[in-house]
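The numbering of the sequence shown is my numbering, which starts it at 5 and goes up by one. Virtual Cβ for every residue (Gly too), placed ideally from N, Cα, C.
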Amino acid sequence: MTFKEIQELIKLVNKTDLAELKVKEENFELTLRTKHFSTKSAVLPAAAMPTVVQAPAVIEKSAPAPAPAAPAAAAEEKPVSTADNLLEIRSPIVGTFYRSSAPDKPPYVKVGDSVEVGSVVCIVEAMKLFNEIESEISGKIVQVMVEDASPVEYDQVLYLVEPA
Numbered sequence: 005m006t007f008k009e010i011q012e013l014i015k016l017v018n019k020t021d022l023a024e025l026k027v028k029e030e031n032f033e034l035t036l037r038t039k040h041f042s043t044k045s046a047v048l049p050a051a052a053m054p055t056v057v058q059a060p061a062v063i064e065k066s067a068p069a070p071a072p073a074a075p076a077a078a079a080e081e082k083p084v085s086t087a088d089n090l091l092e093i094r095s096p097i098v099g100t101f102y103r104s105s106a107p108d109k110p111p112y113v114k115v116g117d118s119v120e121v122g123s124v125v126c127i128v129e130a131m132k133l134f135n136e137i138e139s140e141i142s143g144k145i146v147q148v149m150v151e152d153a154s155p156v157e158y159d160q161v162l163y164l165v166e167p168a
């Protein structure tokens with residue numbers, strides 16, 4: 005499966021009510037879980053499972069998935085509860101989180117900065133591609149949840165935002 009196919013699959017799954025999708029090929033395995041996923045999710049019988057048509061994949065080498073990143077211990081400011089009506093900016097892909105475009109550049113956003121819909125908040129590197137992550141919400145950055153240059157998982161919270 006190519007990176008572009010994975011991105012398109014993620015977009016399609018986000019538009020559905022699926023809780024989990026697993027795709028397996030020879031040397032490749034992909035599991036997508038959405039906000040609807042829980043360990044108590046009912047398992048569908050095999051006859052009710054949707055069929056997945058798989059495109060042939062060219063996989064040179066299967067690399068182990070990065071370990072899940074813990075929330076940043078050195079995150080800016082004190083920990084904030086999501087019960088405070090805060091919104092989350094989440095990672096749309098698995099990769100490495102970078103707060104700035106280069107080590108010598110300032111971060112895209114920091115605690116206290118205002119963000120608008122469409123403004124770039126960070127970069128997530130995946131498979132040697134640097135993907136600018138844009139905010140889908142407007143508000144003020146309250147907390148950075150991930151350390152710079154740390155691995156992030158799909159749908160992991162990157163920032164907490166106080167809505168505008």
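Residue nearest to residue i in terms of C-alpha spacing, selected from the options
i	options	result
isoleucine 97	Asn31, Val113 and Lys132	Lys132
alanine 106	Ala153, Gln147 and Val115	Ala153
phenylalanine 7	Gly116, Asp108 and Phe134	Phe134
alanine 4	Asp21, Gly116 and Phe32	Because the chain in this structure spans residues 5 to 168, residue 4 falls outside the shown range and cannot be described.
valine 119	Gly143, Ala130, Asp108 and Glu129	Gly143
Own chain, CB closer than 6 Å to residue i, minus 5 neighbours either side, in chain order
i	result
valine 124	Tyr112, Glu136 and Glu138
lysine 26	Thr35
lysine 19	none
Close-in-space but distant-in-sequence residues of the same chain around residue i (CB under 8 Å, 5 per side omitted)
i	result
glutamate 140	Ile93 and Val121
Residue range of the alpha helix (DSSP H) that includes residue i
i	result
asparagine 89	Segment: none, asparagine 89 is in no alpha helix (DSSP H) and carries neither H nor E.
glutamate 33	Counting along the chain, glutamate 33 falls outside any alpha helix (DSSP H), though it belongs to the beta strand (DSSP E) covering 32 to 37.
glutamate 12	7 to 18
Through-space distance from residue j to residue i, alpha-carbon basis
i	j	result
serine 66	valine 17	Interpretation of serine 66 is limited by its pLDDT of 42, a score under 50 that renders its predicted location unreliable; the figure taken from the coordinates is listed afterwards. Computed Cα separation, rounded: 23 Å.
glutamate 29	methionine 5	9 Å
glutamate 12	isoleucine 145	28 Å
isoleucine 14	aspartate 108	32 Å
aspartate 21	glutamate 33	21 Å
lysine 3	glutamate 129	The structure shown has nothing for residue 3, since the chain only spans 5 to 168.
Min CB distance residue i to chain B below 7 Å
i	result
isoleucine 137	The chain labelled as chain B is not found in the depicted structure, where only one protein chain is given.
Limits of the unbroken beta strand (DSSP E) element including residue i
i	result
asparagine 135	133 to 138
isoleucine 145	143 to 148
proline 155	154 to 156
lysine 28	24 to 29
glycine 116	Counting along the chain, glycine 116 falls outside any beta strand (DSSP E), and DSSP gives it neither H nor E.
Beta carbon of residue i nearer than 7 Å to that of residue j
i	j	result
tyrosine 158	isoleucine 127	no
valine 150	leucine 164	no
serine 95	glutamine 160	yes
Sequence-distant residues of the same chain with beta carbon closer than 7 Å to residue i, five excluded per side
i	result
proline 110	Ser104
glutamate 166	Leu90, Gly143, Lys144 and Val146
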